[in-house]
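Here's the structure we're looking at; comments come further down.
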Amino acid sequence: MGKPTGFMEYDKQKVREQAPLERIQSFGEYTERLTDSELETQGARCMDCGTPFCHIGIEIRGMAAGCPINNFIPEWNDLVYKGQWKEALERLQMTNNFPEFTGRVCPAPCEGSCVLGINEPSVAIKSIEQSIIDKGFEMGWVTPRIPKNRTSKHIAVIGSGPAGLAAADELNQRGHHVTVYERDDRAGGLLMYGIPNMKLDKKIVERRIHLLEAEGIRFILNTAVGQDVTPEELKQQYDAIILATGATKARELRLEGYEAEGVIPAMDYLHGVTKSLLDSNFEDGQALNVKGKNVIVIGGGDTGADCVATAVRQGCKSVHQFGKHPALPTTRQPSQPWPSDPQVYKLDYAYAEADAKFGGDPREYCIQTKKIVADVNGRVKELHTIQMNKIVNDEGYAYFEEIPGTEKVWPVDYVFVAIGFQGVESPLAEQFGVKVLNNRIRANGKDYTTNVPGMYAAGDARRGPSLIVWAIKEGREVAEQVAQYIASQAIAQ
Numbered sequence: 015m016g017k018p019t020g021f022m023e024y025d026k027q028k029v030r031e032q033a034p035l036e037r038i039q040s041f042g043e044y045t046e047r048l049t050d051s052e053l054e055t056q057g058a059r060c061m062d063c064g065t066p067f068c069h070i071g072i073e074i075r076g077m078a079a080g081c082p083i084n085n086f087i088p089e090w091n092d093l094v095y096k097g098q099w100k101e102a103l104e105r106l107q108m109t110n111n112f113p114e115f116t117g118r119v120c121p122a123p124c125e126g127s128c129v130l131g132i133n134e135p136s137v138a139i140k141s142i143e144q145s146i147i148d149k150g151f152e153m154g155w156v157t158p159r160i161p162k163n164r165t166s167k168h169i170a171v172i173g174s175g176p177a178g179l180a181a182a183d184e185l186n187q188r189g190h191h192v193t194v195y196e197r198d199d200r201a202g203g204l205l206m207y208g209i210p211n212m213k214l215d216k217k218i219v220e221r222r223i224h225l226l227e228a229e230g231i232r233f234i235l236n237t238a239v240g241q242d243v244t245p246e247e248l249k250q251q252y253d254a255i256i257l258a259t260g261a262t263k264a265r266e267l268r269l270e271g272y273e274a275e276g277v278i279p280a281m282d283y284l285h286g287v288t289k290s291l292l293d294s295n296f297e298d299g300q301a302l303n304v305k306g307k308n309v310i311v312i313g314g315g316d317t318g319a320d321c322v323a324t325a326v327r328q329g330c331k332s333v334h335q336f337g338k339h340p341a342l343p344t345t346r347q348p349s350q351p352w353p354s355d356p357q358v359y360k361l362d363y364a365y366a367e368a369d370a371k372f373g374g375d376p377r378e379y380c381i382q383t384k385k386i387v388a389d390v391n392g393r394v395k396e397l398h399t400i401q402m403n404k405i406v407n408d409e410g411y412a413y414f415e416e417i418p419g420t421e422k423v424w425p426v427d428y429v430f431v432a433i434g435f436q437g438v439e440s441p442l443a444e445q446f447g448v449k450v451l452n453n454r455i456r457a458n459g460k461d462y463t464t465n466v467p468g469m470y471a472a473g474d475a476r477r478g479p480s481l482i483v484w485a486i487k488e489g490r491e492v493a494e495q496v497a498q499y500i501a502s503q504a505i506a507q
């Protein structure tokens with residue numbers, strides 16, 4: 015796998031990035047691919063480890079370990095090292111429907127499980143993966159795969175995020191007629207409107223959608239199932255239905271003053287900015303613009319970071335991101351043993367940009383918002399906070415204690431709420447008669463069946479908010495189960 019001594023001879027090389035103060039001048043992707051020669055050297059670092067853990071795809075204590083879709087990582091690393099790029103693409107596409115997405119936005123649990131990563135920087139798996147597919151498109155190796163034979167069966171997929179697209183792709187390749195319903199004006203789900211353009215250029219998403227259309231998949235956009243088309247109509251038209259609507263119901267911020275004008279769900283902000291960018295390059299004036307404003311993001315995750323990066327690009331006066339937890343450690347902790355993906359401190363792209371612009375990391379740790387205060391017109395003007403200590407007792411239970419004397423008032427013009435997602439927007443599932451439990455559609459992880467015959471669920475709608483790579487895995491697996499169901503129905507008839 016790679017060069018036997020490559021891991022001892024070569025250092026890990028990261029993708030090149032535009033300087034923070036340069037890249038915040040636009041919403042374009044800020045990374046630049048390494049040269050073929052550099053990538054072949056990175057492929058040489060993949061050691062002959064005997065038992066590779068990078069593609070095991072399991073969960074350890076709730077954390078991903080290895081690649082959930084079981085990519086043949088050592089094999090395509092070796093092929094890249096040898097300069098056999100087309101062959102590497104063939105191996106990559108055997109397990110991953112959309113490596114151009116995972117290569118850009120997946121947090122790469124594969125690298126956390128790399129054997130070399132035990133005591134050295136891991137193999138640059140994510141960079142190599144993205145480069146293989148990008149080169150494949152550039153060289154014309156990725157072309158429409160049109161099924162030679164078509165069945166008479168029709169399948170509806172509701173939701174065009176990674177789970178829905180993966181399911182549609184797999185079923186279409188089996189010759190079935192697949193229709194994808196999407197309530198937005200563009201397909202892609204959170205890939206389109208939930209991830210900013212600088213992390214995932216929408217031309218990349220549109221390129222894949224156009225390819226899927228060329229292969230025979232039908233997309234019906236601007237159509238909210240349950241409103242524009244009824245569940246009864248779909249049940250009559252299709253032999254099977256897959257619910258892949260994602261977990262888009264945001265957690266609500268419930269504290270004094272939360273209803274003030276200027277307190278906005280993070281995803282509403284990001285969606286509006288991306289749509290305006292795509293529709294008119296911001297000329298339509300439909301995007302919320304925080305230029306010259308004080309911005310605070312409540313929530314310490316990736317969505318909050320994307321809000322920080324977007325606000326910086328718009329020219330905000332200041333930006334801070336509040337999180338209730340302490341800063342992550344800089345090294346792997348005993349509670350996260352290899353091969354689990356370690357949760358360690360990173361200076362993400364957004365924070366590097368805010369640091370370059372304002373001279374400091376925008377993250378505030380162990381901070382609790384006590385109340386939001388509005389002016390006489392009902393518009394937010396300040397946040398009141400207090401610092402906290404996180405305490406873990408002898409039983410391992412964690413709780414927080416406020417630190418007296420650490421109260422602070424923050425002037426603010428906009429507050430973006432990024433405290434996560436609860437789960438599915440249940441009315442749609444209920445209209446189909448599908449059961450929902452704990453904000454997730456009830457469908458088991460073996461055959462993805464719901465309580466309604468012929469109806470399936472996959473992705474975040476079933477498992478809750480998770481990684482893109484888990485969504486692709488579930489999309490692939492639900493497609494297999496639907497194909498078996500259709501075959502069994504044909505035999506029964």
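The sequence shown begins at 15 in our numbering and counts up by one.
Cβ coordinates follow ideal geometry from the N, Cα and C atoms, glycine included.
Source: prediction; values computed, not measured.
What are the residues that DSSP puts in a beta bridge with residue i?
i: glycine 437; result: Lys263
i: leucine 451; result: Arg454
i: glutamine 335; result: Val311, Arg377
i: proline 425; result: Glu396
i: tyrosine 413; result: Ile405
i: histidine 168; result: His191
i: phenylalanine 430; result: Ile278, Val311
i: methionine 61; result: In DSSP, methionine 61 forms no bridge with anything.
i: valine 156; result: Answer is none; valine 156 lacks a bridge partner.
i: valine 243; result: Val239
i: glutamine 382; result: Ile400
i: isoleucine 256; result: Val171, Tyr470
i: threonine 45; result: Glu31
Here's the rule: buried if 16 or more other CB atoms are within 10 angstroms of the residue's CB, otherwise exposed. What is residue i?
i: alanine 33; result: exposed
i: lysine 385; result: exposed
i: proline 479; result: buried
i: aspartate 3; result: It is not possible to answer for residue 3, since the shown part of the chain is limited to 15 through 507.
i: asparagine 85; result: buried
i: histidine 334; result: buried
i: asparagine 391; result: exposed
i: proline 245; result: buried
i: lysine 149; result: buried
i: leucine 361; result: exposed
i: isoleucine 256; result: buried
i: aspartate 355; result: buried
i: leucine 269; result: exposed
i: lysine 140; result: buried
i: alanine 258; result: buried
i: aspartate 92; result: buried
i: glycine 373; result: exposed
i: isoleucine 38; result: buried
i: histidine 69; result: buried
I'd like to check one pair, residue j with residue i: are the Cβ atoms closer than 8 angstroms?
i: histidine 398; j: valine 431; result: no
i: tyrosine 379; j: glycine 337; result: yes
i: alanine 78; j: proline 123; result: yes
i: glycine 154; j: asparagine 186; result: no
i: valine 466; j: valine 450; result: no
i: arginine 490; j: asparagine 111; result: yes
i: tyrosine 462; j: valine 492; result: yes
i: valine 311; j: alanine 368; result: no
i: leucine 235; j: aspartate 199; result: yes
i: leucine 53; j: isoleucine 142; result: yes
i: alanine 254; j: glycine 459; result: no
i: valine 137; j: cysteine 60; result: yes
i: arginine 189; j: asparagine 163; result: In the sequence as displayed, the identity of residue 189 is glycine instead of arginine. Yes. Within cutoff.
i: valine 194; j: phenylalanine 151; result: no
i: arginine 159; j: alanine 274; result: no
i: threonine 237; j: arginine 197; result: yes
i: glutamate 396; j: valine 387; result: yes
i: phenylalanine 67; j: serine 145; result: no
i: threonine 19; j: arginine 30; result: no
Using CA atoms only, rank isn't needed, just tell me which of the options is closest to residue i.
i: threonine 109; options: Val94, Gly97, Glu125, Trp90; result: Trp90
i: glutamate 114; options: Gln503, Ile486, Gly189; result: Ile486
i: leucine 248; options: Ile433, Ala170, Glu104; result: Ala170
i: glycine 473; options: His168, Gly202, Gly260; result: Gly260
i: histidine 285; options: Leu267, Gly315, Thr324, Thr19; result: Thr324
i: valine 239; options: Gly315, Val156, Thr464, Ser440; result: Ser440
i: aspartate 183; options: Ile505, Glu488, Ile433; result: Glu488
i: lysine 13; options: Asp389, Ser332, Gln357, Gly57; result: Only positions 15 to 507 of the chain appear in the structure, and residue 13 is not among them; the question remains open.
i: alanine 201; options: Ile209, Val219, His191; result: Val219
i: glycine 306; options: Val192, Leu481, Val326; result: Val326
i: isoleucine 209; options: Asp320, Cys81, Leu267; result: Asp320
- Item | Whole runs of the alpha helix (DSSP H) within the region 198-232, excluding any shorter than 4 residues | 204-207, 216-228
- In chain order, which alpha helix (DSSP H) runs of at least 4 residues are fully inside the region 50-120? 50-58, 87-95, 99-107, 113-119
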